[in-house]
Amino acid sequence: MKTQHWFMILVSSFILLSCFSPTMRKIADTKQFLLGVAVRPSDLLDPKDTKLVQDNFNILVPENIMKLQYLRPTETFWNWSDPDKLVQFAEANNMKLRGHTFVWHNQNPPFINNLSDKNKAIQILQDTITQVLTRYNGKFYEYDVCNEVIDDNGVLRNSIWMKTIGPEYIDMAFKTARQADPSVKLILNDYNNDYAGTTKGDAFYKLVKDMVDRKIPIDGVGFQLHVMAEQPINEQALRANIKRFRDLGLSVSFTEVDVRIKLPVTPEKEAAQQKVYLDLLRIAREEQVSCFMLWGYTDAYSWIPGTFAGYGSAHPFDAKKNPKPVFSEMKKLVTSFK
Ligand code: G3I
Numbered sequence: 000m001k002t003q004h005w006f007m008i009l010v011s012s013f014i015l016l017s018c019f020s021p022t023m024r025k026i027a028d029t030k031q032f033l034l035g036v037a038v039r040p041s042d043l044l045d046p047k048d049t050k051l052v053q054d055n056f057n058i059l060v061p062e063n064i065m066k067l068q069y070l071r072p073t074e075t076f077w078n079w080s081d082p083d084k085l086v087q088f089a090e091a092n093n094m095k096l097r098g099h100t101f102v103w104h105n106q107n108p109p110f111i112n113n114l115s116d117k118n119k120a121i122q123i124l125q126d127t128i129t130q131v132l133t134r135y136n137g138k139f140y141e142y143d144v145c146n147e148v149i150d151d152n153g154v155l156r157n158s159i160w161m162k163t164i165g166p167e168y169i170d171m172a173f174k175t176a177r178q179a180d181p182s183v184k185l186i187l188n189d190y191n192n193d194y195a196g197t198t199k200g201d202a203f204y205k206l207v208k209d210m211v212d213r214k215i216p217i218d219g220v221g222f223q224l225h226v227m228a229e230q231p232i233n234e235q236a237l238r239a240n241i242k243r244f245r246d247l248g249l250s251v252s253f254t255e256v257d258v259r260i261k262l263p264v265t266p267e268k269e270a271a272q273q274k275v276y277l278d279l280l281r282i283a284r285e286e287q288v289s290c291f292m293l294w295g296y297t298d299a300y301s302w303i304p305g306t307f308a309g310y311g312s313a314h315p316f317d318a319k320k321n322p323k324p325v326f327s328e329m330k331k332l333v334t335s336f337k
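Numbered according to numbering that gives the first Met the number 0, the sequence shown spans residues 0 to 337.
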C-alpha cells in the first residue's frame, strides 16, 4: 500500500478514536465523581462555551450572578433572569448545582452595605435566604450559606452582617436556610481554611465544631483552594483537616479550585501546576470529598490577573479554550479512579 494510504488510515483512525473517546463528563458520571465549574451567563449562551461545559462537568456554580449585588440590587428588585436560566440549563443537562452565596462581606448592593439597624438587617438576611430557597426549592445540591466569615487573623470578620447583627448572624443564616429548603446541603465556605495547624484553618474548625455542638444545621464545609503552582500541596495537613471535619459528621467540598502560575509560564512551572491539580483531585477522591469545583475553566475570563498581579495561566483550558496538557492528565486520573 502506498504511504499516502497509510497516512489516510492513520488520520481517520485518530479522528474516529477522538470521536468515540468518552468525555470528561461521561467519565466523571461513570466514576460517580462530582466535577464542576464556576460559570458565567455567557457560558450558557456561546455555543462553543456551552458544549465545553456540557462535555466536561456534571455540577455547576454561578461565579457571580447569585451574589446579592446582582441577585438583589435593591431591596425590592430581584434579578431572577440569569439564575433561572442557570437552573434550567442544569436541569436540561442533568447537572447538579452549588449555590454561591447568601452572606458575604463582598459584592453586596448599597442597600445592604448601608444597613445600620439590627432588626432590619435580620429581616433582610432571613428574607433573602427564604426567597431564594423557596423559588429554587429542591434545585440545589449544596449552598454556600455564609462565605469567608473568618478574616486572615483567624477572628470573625467585621462584615456588615457582623456589625449590624453580631456573631449570631451565622446561626440565623443556617437556621433560615434549613427551614426554607430542608433538602439542600448547607455549607460554610472559606479560603485558607484547608490546612489543619494554621491560624485560620484551626479558627475555622473551632467555629464549625461549636456550631455542630450547638446543633446548628450545618452539613458541610467548603475549602476554596485558590492555590499557587509554586507551593506544593501539604498533603498531610489537608488530609488531617478533611478527616477532622468528617469526624464531626460533615462533608467537605473543594469549592473554587485554581492553580495560578507566576508569569512567565515555563515547562517547570507547568509541571508544578500539574502536580498540584492532580494531587488535589486524587486527595478529593480518596477522602470522599463531596464535589470538586474549578473556579473557571479558561484563562480567557480568569479573575486571577486582576487580583494577583504577575500571576496567570491558572485554569486547565487556555485563553482560546483549548484543553492544556494538565487537563488531559486530569482526565487520565479520573479515568483511573477505582
Ligand atoms: O459587573 C461589572 C461590570 O458592569 C463592569 O463593566 C466590569 C468592569 O471591571 O466589572 C464587573 O464587575 C466585576 C465582577 O467580578 C463581574 O465580572 C468586578 O469588577 C470584579 O471585581 C468581580 O470579581 C469577582 C470577585 O469574586 C469579586 O470579589 C470575580 O469575578 C469572582 O471570580 C470572584 O469570586 C470569588 C468568590 O466569589 C469567593 N471566593 C474568592 C473568589 C475569587 O475572588
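Note that beta-carbon positions come from the ideal geometry of N, C-alpha and C, so glycine has one too.
Should residue i be counted as a contact of the ligand NAP given a C-beta to heavy atom distance under 7 angstroms?
i	result
E74	Among the ligands in the structure shown, the ligand NAP does not appear; only the ligand G3I can be found there.
Roughly how far, in whole angstroms, is the beta-carbon of residue i from the beta-carbon of residue j, given that I think they are within contact range, below 8 angstroms?
i	j	result
H104	I159	7 angstroms
R259	A228	7 angstroms
T254	Q223	5 angstroms
E147	Y190	7 angstroms
Y276	L51	No, Y276 and L51 are not in contact; Cβ-Cβ is about 17 angstroms, not under 8 angstroms.
I26	K337	With a Cβ gap of about 13 angstroms, I26 and K337 do not count as contacting.
L279	I217	Wrong, their Cβ atoms sit about 23 angstroms apart, outside the cutoff.
F101	A172	6 angstroms
L293	V325	About 11 angstroms separates the two Cβ atoms, so there is no contact after all.
P82	L67	Going by Cβ atoms, the distance from P82 to L67 rounds to 12 angstroms, so no, they are not a contact pair.
Between residue i and the ligand G3I, is there a pair consisting of the residue's CB and a ligand heavy atom that are separated by less than 7 angstroms?
i	result
Q53	no
Q223	yes
N146	yes
N105	yes
P190	Here the sequence assigns Tyr to residue 190, which means Pro is not the residue at that position. Yes, the Cβ of Y190 comes within 7 angstroms of a heavy atom of the ligand G3I.
W302	yes
H314	no
E62	yes
E255	yes
T350	Shown here, the chain extends from 0 to 337; a query on residue 350 therefore has no answer.
T306	yes
Measuring alpha carbon to alpha carbon, tell me which residue in the options is nearest residue i.
i	options	result
Y310	V275, K337, V226 and T254	V226
Q130	L96, N78, R24 and R97	N78
L85	V36, I121, A120 and T127	V36
G248	Q287, G165, T29 and P166	Q287
R238	D201, A283, V264 and Y276	A283
A120	D180, N146, E74 and D45	E74
V220	V264, F203 and L67	F203
N55	V38, V251 and N240	V38
L114	Q87, K162 and C145	K162
T197	N240, M65, G165 and K208	N240
E141	Y69, L59, I64 and K117	L59
L33	S252, A172, E269 and P72	S252
V144	T133, T175 and D150	T175
G272	S312, S289 and M292	The residue asked about is misnamed: residue 272 is Gln in this sequence, not Gly. Comparing Cα positions, the closest option is S312.
T127	R156, M65, N321 and Q53	M65
P108	D189, L124 and K274	L124
K242	E269, T334, L206 and E285	E285
K184	R71, C290 and D28	C290
Q31	R213, M94, M210 and N152	M94
Q347	K268, N63 and K214	As shown, the chain starts at 0 and ends at 337. That puts residue 347 outside it, with no answer to give.
R281	G305, L262, T334 and D246	T334
L262	Y135, G200, P304 and A299	P304
Could you give the DSSP three-state label for residue i: helix, strand or coil?
i	result
L33	coil
K50	helix
D143	strand
P322	strand
Could you name each continuous beta strand (DSSP E) segment of 3 residues or more that falls completely within the segment 209-289, going from the start of the chain to the end? Look at the segment 209-289 and you find these whole runs of beta strand (DSSP E), each 3 residues long or longer: 219-222, 225-227 and 250-261.
For the segment 147-219, which segments carrying the alpha helix (DSSP H) assignment without a break, of at least 4 residues, lie completely within its bounds, in sequence order? Here the runs fully enclosed are 159-164, 168-179 and 198-212.
Return the chain-ordered ranges of every alpha helix (DSSP H) run that is complete within the segment 289-319 and spans a minimum of 4 residues. Taking 4 residues as the minimum length, the alpha helix (DSSP H) runs contained wholly in the segment 289-319 are 303-306, in order along the chain.
Quick check on the DSSP output: what are the complete alpha helix (DSSP H) runs of length 4 or more inside the segment 54-137, in order along the chain? The qualifying runs are 67-70, 80-91, 109-112 and 117-134.
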